[in-house]
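Below is one structure, written out as structure tokens, with a few remarks after it.
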Amino acid sequence: MKKSSSPLLNFQFITGVIPSGWKGTKSLILLGTGEGGKTTFQRQIYHLKNQELNTKERHKYAETIQYSIFNNLKTITEHPSVVLNSELKKLASELASLVDQYVDSRFDHSHREKLVNQGPIFQKLVDHHHVREVIESCELYPQLHLTGDYKYFFKHYTRIACKEYQPTFEDFKRMQLKTVGVIKGEEVEFENYKITITDTGGQRNERKKWAKALSQRTDAILFMVSMREAFQMCYEDHELNRSKETIDCFQELLSLEYVNNCPIFVVFTKTDLLEEVLKKRKVSFNSTFPEYKGDNYSIEEIKSFMKEKYQSLDSNKQIKGFFFINTLISKEVSDTLQKVLEQI
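For the sequence shown, the tail end lands on 343 under numbering that gives the first Met the number 0, and the numbers increase by one without skipping.
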């Protein structure tokens, strides 16, 4: 994203006087385990004023989203619960072969073309009732790892799985791109602040890099927690619940020397997805947290429980606020950021 010319900064540069409305510079870091919404939060802030994708971005994200939808379909059709007839088994085998070839080729364009050309044919797999059941009730398959907002993308399968596909900004917000390392964004203006937001990888091997990132100037930590992960297992350990690992991860974070005296804000995300799961009443919240004594299907009681859970770990009172937001909604993201900046 290109830096925009700032009237406030230009005034300061020319006159040497800091404008009365200017509030200074702030550096924030986003932490949390995988799929908590860190990258989506950062994307939203850096695209608040411009929600258009340029040609290079559209091409890059088209590849990412198309691979994601085909790989998710492959993952689902390989699940033991999905029973296919001989025709669809052959089709699923062809899909798996093309996806594997694409990966083995290190995402060569010609292999992508072969996959996309077959996209309309693979629609038969998407429409199969067993596949649809998995897509709509993924909470029943906690060890199944699907990437991105898979329900949204499968809903738009016909538009996406074709040669003419051009990602929309909504597609861009909902895609998942694994963060590797520490990604420091450019400085941008937000509500008379100049801010830098650093995104970090949330997978286990990426968390080793957090300490180095935290050793740099950090005015606040936003620890992102997916409420949806209460019914998901870890990618690295299929026997460990994601919510419990995230809680352990937060506890470890509090013990790091670089975190001392740094304000922490816990941002709970994907509450809407958890609520969607609970409405089906096929799983209960206390199956994950036996100590929970509230209503298994009350999202407000569950939110209070999770807030208290994290607060109980904070013996040094470093948590300065809790937020429950949908990172896909720009206003919720900007309102959260504004409240954080007002407290640091």
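Don't be surprised by glycine CBs; every beta carbon is placed ideally from N, CA and C.
Checklist entry - So, helix, strand or coil for A61, using DSSP? => result helix
Item to check | I301 beta carbon less than 9 Å from that of L273 | outcome: yes
Item to check | Residues near C233 by beta carbon distance below 7 Å, same chain, minus five either side | outcome: L239, R241 and E244
Checklist entry - What three-state label does DSSP hand K73 in the structure shown? => result helix
Item to check | L27 versus H58 - alpha carbon distance | outcome: 30 Å
Item to check | Distance CB(T197)-CB(A212) smaller than 9 Å | outcome: yes
Next on the checklist: Using CA atoms only, rank isn't needed, just tell me which of F168, N116 and H127 is closest to Q50.
Outcome noted: F168
Checklist entry - Around the Cβ of T157, are there at least 16 other Cβ atoms within 10 angstroms (buried) or fewer (exposed)? => result exposed
Checklist entry - Under the rule that 16 or more other beta-carbon atoms within 10 Å means buried, what is Q215, buried or exposed? => result exposed
Checklist entry - Taking the alpha-carbon positions, what's the R111 to Y101 distance? => result 6 Å
Item to check | Contained alpha helix (DSSP H) runs [length at least 4] in the stretch 293 to 319, N- to C-terminal order | outcome: 298 to 310
Checklist entry - In terms of alpha-carbon separation, which member of Y45, A219, D99 and S92 lies closest to V187? => result Y45
Checklist entry - So what's L145 in DSSP terms, helix, strand or just coil? => result coil
Next on the checklist: With a threshold of 8 Å on Cβ separation, who are the neighbours of I343 within its own chain once the five nearest residues in sequence on each side are excluded?
Outcome noted: K25, D218, A219, P262 and K319
Item to check | Of the residues S104, N315, H127 and R131, the one placed nearest L253, counting alpha carbons only | outcome: N315
Next on the checklist: If contacts are defined as beta-carbon pairs under 8 Å, then V339 and T268 qualify, I think. What distance do you get, rounded to the angstrom?
Outcome noted: Wrong, their Cβ atoms sit about 15 Å apart, outside the cutoff.
Item to check | Nearest-angstrom Cα separation, counted from C137 out to T74 | outcome: 12 Å
Next on the checklist: Taking the alpha carbon of Y309 as the reference point, which residue from Y296, Q231, M226 and V276 has its own alpha carbon closest?
Outcome noted: M226
Item to check | Cut-off 6 Å between Cβ atoms - residues of its own chain near Q165, not counting five sequence neighbours on either side | outcome: R57
Checklist entry - Where does N259 land, buried or exposed, given buried means 16+ other C-beta within 10 angstroms? => result exposed
Checklist entry - Where does the unbroken beta strand (DSSP E) through A192 begin, and where does it stop? => result In the sequence as presented, Ala is not what sits at residue 192; that position holds Tyr. It spans Y192 to T199 - the beta strand (DSSP E) in which Y192 sits, taken as one unbroken run.
Checklist entry - What did DSSP end up calling M223 once you bin it into helix, strand or coil? => result strand
Next on the checklist: Run through the DSSP bridge pairs and tell me what K154 is partnered with.
Outcome noted: According to DSSP, which records beta bridges pairwise, K154 is partnered with nothing at all.
Next on the checklist: To the nearest angstrom, how far is the alpha carbon of N70 from that of L327?
Outcome noted: 23 Å
Next on the checklist: Please return the same chain residues whose Cβ sits closer than 7 Å to the Cβ of K183, not counting the five positions on each side in sequence.
Outcome noted: T195 and T197
Checklist entry - From this set, K177, P141, V133 and I120, which residue's C-alpha is nearest C161's C-alpha? => result I120
Next on the checklist: Within the continuous alpha helix (DSSP H) that includes F249, where are the two ends?
Outcome noted: R241 to L253
Checklist entry - With a CB to CB cut of under 6 Å and the five nearest residues on each side skipped, what residues in its chain are close to K193? => result T24 and E186
Checklist entry - Which first and last residues belong to the alpha helix (DSSP H) in which T88 is found? => result Note on residue identity: the sequence assigns Lys, not Thr, to residue 88. Per DSSP, K88 belongs to the alpha helix (DSSP H) from S85 to D103.
Next on the checklist: Within 8 Å, do at least three Cβ pairs link the stretch 138 to 148 to the stretch 276 to 293?
Outcome noted: yes
Checklist entry - In chain order, what residues of the same chain lie with their CB nearer than 7 Å to the CB of K55, ignoring the 5 residues before and after it? => result none
Item to check | Backbone CA spacing between S85 and E228 [nearest angstrom] | outcome: 35 Å
Checklist entry - Rounded C-beta distance between Q202 and G36? I'm assuming under 8 Å. => result 15 Å between Cβ atoms; not a contact.
Item to check | DSSP three-state assignment for F121, whether helix, strand or coil | outcome: coil
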